[in-house]
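In this note's numbering, the protein residues as written are 1491 to 1896.
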């Protein structure tokens, strides 16, 4: 025994792990670099049944799976065949009793549990399939064939189809090709326009064409549905748009950055219009019905007649026939502004008050709430709401009973 700095493949070494208790370790555990391999309960493999096996391999047969130092009970799912005869090769999906850490290209052995007997062995082709495959789906069988024998760009593309949406770094790592080969394959796919690339710099994401079509169709349909349900609202909130995108990719952890990259890419393509808060169709404009427009005109006439003591929130809703959507429309469009509590003002009247108070402060230096009330012949409640809004906008600040400019 001697200390070494580097352990070569195939050598047997002891290592000192810090931060891990002995009780947390079990036979078959794997030491890997962070964020390179993930435990998986499903594995797609190419398997050869020994020629002297006592009987054919059947679908749903219980076996023991051996890989590395791990031994895990598993159930065989035969793909593309009803049985596998002795000496034959075939595709299997193994459902493990507990997750294993494996990589494409790892070799394994299957044994019959009782009486214990070796059935055969093979190589892992897909270490983390998305789901249980349909057993006779020709697309699945073609994907497995590509992963086993395809060109690097084909393997990379199949990996992206599995991941759906990911970063270039994660894709290159997951394909388990050498770095130079994987990078060249990615350039080939870009040239062939075989994938969608969104975002920029460190926030670049790659999306498979099938996933992209699903994302586009689903989000555009959801935004259109939102417009039909709420024709007076500006659009679908970005947070709801992100939730919709996540629902399309249930097996993907969709970060806020990735979701925003999808939304922004759709906006750049002219399929949607998006700002920091809402997403809408490009040709959509909130438009009241003729009856709603008459209600709006009635309300605005009341506000115009007493601009500094207009109807409060409750009275305004009553004039709008308790239509909260219509009130939200007036506020959202910047026609009315809601101050503290139940205070509403027309935006133009509030702007005029702010300008007048600001001009007064530039010449007089200070102003009190009572002076604002008397200056506009309004109530104390409205004067206080206006001054507090100006404080919140950092135009003024309160010093005792007076306001001064910041």
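Ideal Cβ positions, reconstructed from N, Cα and C, are used throughout, including at glycine.
Exposure label - residue i; buried when at least 16 CB within 10 Å
i: residue 1533; result: buried
i: residue 1811; result: exposed
i: residue 1772; result: exposed
i: residue 1643; result: buried
i: residue 1873; result: buried
i: residue 1617; result: buried
i: residue 1676; result: buried
i: residue 1506; result: exposed
i: residue 1875; result: buried
i: residue 1729; result: exposed
i: residue 1738; result: buried
i: residue 1806; result: buried
i: residue 1879; result: buried
i: residue 1681; result: exposed
i: residue 1649; result: buried
i: residue 1883; result: exposed
i: residue 1857; result: buried
i: residue 1615; result: buried
i: residue 1781; result: exposed
i: residue 1821; result: exposed
i: residue 1516; result: exposed
i: residue 1510; result: exposed
Spatial distance of residue i from residue j (CA atoms)
i: residue 1594; j: residue 1733; result: 32 Å
i: residue 1495; j: residue 1520; result: 19 Å
i: residue 1641; j: residue 1778; result: 58 Å
i: residue 1767; j: residue 1837; result: 21 Å
i: residue 1869; j: residue 1829; result: 14 Å
i: residue 1740; j: residue 1620; result: 10 Å
i: residue 1555; j: residue 1492; result: 34 Å
i: residue 1788; j: residue 1891; result: 38 Å
i: residue 1862; j: residue 1847; result: 8 Å
i: residue 1827; j: residue 1802; result: 12 Å
i: residue 1831; j: residue 1871; result: 10 Å
i: residue 1759; j: residue 1783; result: 34 Å
i: residue 1611; j: residue 1528; result: 22 Å
i: residue 1894; j: residue 1793; result: 29 Å
i: residue 1709; j: residue 1746; result: 15 Å
i: residue 1725; j: residue 1765; result: 10 Å
i: residue 1541; j: residue 1608; result: 11 Å
i: residue 1526; j: residue 1720; result: 45 Å
i: residue 1598; j: residue 1736; result: 35 Å
i: residue 1688; j: residue 1518; result: 39 Å
i: residue 1575; j: residue 1514; result: 41 Å
i: residue 1545; j: residue 1714; result: 58 Å
i: residue 1711; j: residue 1701; result: 15 Å
i: residue 1881; j: residue 1889; result: 11 Å
Where the alpha helix (DSSP H) through residue i begins and ends
i: residue 1503; result: Neither: residue 1503 is in no alpha helix (DSSP H) and is coded neither H nor E.
i: residue 1678; result: 1669-1681
i: residue 1827; result: From DSSP, residue 1827 is part of no alpha helix (DSSP H) but of the beta strand (DSSP E) over 1826-1828.
i: residue 1729; result: 1728-1738
i: residue 1793; result: 1780-1795
i: residue 1636; result: 1628-1639
i: residue 1749; result: 1746-1758
i: residue 1572; result: Neither: residue 1572 is in no alpha helix (DSSP H) and is coded neither H nor E.
For residue j and residue i, believed in contact at Cβ under 8 Å, the rounded distance
i: residue 1547; j: residue 1566; result: 6 Å
i: residue 1674; j: residue 1647; result: Contact doesn't hold; Cβ gap of about 13 Å is too wide.
i: residue 1785; j: residue 1816; result: 6 Å
i: residue 1553; j: residue 1603; result: 7 Å
i: residue 1859; j: residue 1877; result: 6 Å
i: residue 1669; j: residue 1662; result: 7 Å
i: residue 1448; j: residue 1579; result: With the chain covering 1491 to 1896 only, the question about residue 1448 has no answer from this structure.
i: residue 1536; j: residue 1613; result: 5 Å
i: residue 1844; j: residue 1885; result: 7 Å
i: residue 1503; j: residue 1497; result: 4 Å
i: residue 1581; j: residue 1637; result: That pair is no contact at about 10 Å.
i: residue 1559; j: residue 1590; result: About 11 Å; that fails the 8 Å criterion.
Residue i, enclosing beta strand (DSSP E) - first and last residue
i: residue 1581; result: 1579-1590
i: residue 1563; result: 1560-1569
i: residue 1552; result: 1552-1557
i: residue 1886; result: 1886-1889
i: residue 1698; result: 1695-1698
i: residue 1853; result: Note, residue 1853: premise wrong, no beta strand (DSSP E); alpha helix (DSSP H) at 1837-1854.
i: residue 1687; result: 1685-1688
i: residue 1768; result: 1768-1770
i: residue 1539; result: 1530-1539
i: residue 1894; result: 1892-1895
i: residue 1615; result: 1607-1616
i: residue 1598; result: 1597-1602
Closer than 8 Å: residue i CB and nearest the ligand SAH heavy atom
i: residue 1618; result: Judged by which ligands are present, the structure shown has none, so any question about the ligand SAH falls away.
Subject >> Touching by the beta-carbon criterion (3+ pairs, under 8 Å), the segment 1563-1580 and the segment 1617-1634 >> reply: At 8 Å Cβ cutoff, the stretches touch.
Original post:
Taking one C-beta from the segment 1650-1667 and one from the segment 1690-1699 each time, how about it: are there three or more such pairs within less than 8 Å?
Top reply: Flag = yes, the segment 1650-1667 and the segment 1690-1699 touch.
Original post:
Does the segment 1737-1755 come within contact of the segment 1696-1706, defined as at least 3 CB pairs closer than 8 Å?
Top reply: Three or more pairs of CB atoms, one per stretch, sit closer than 8 Å, so the segment 1737-1755 contacts the segment 1696-1706.
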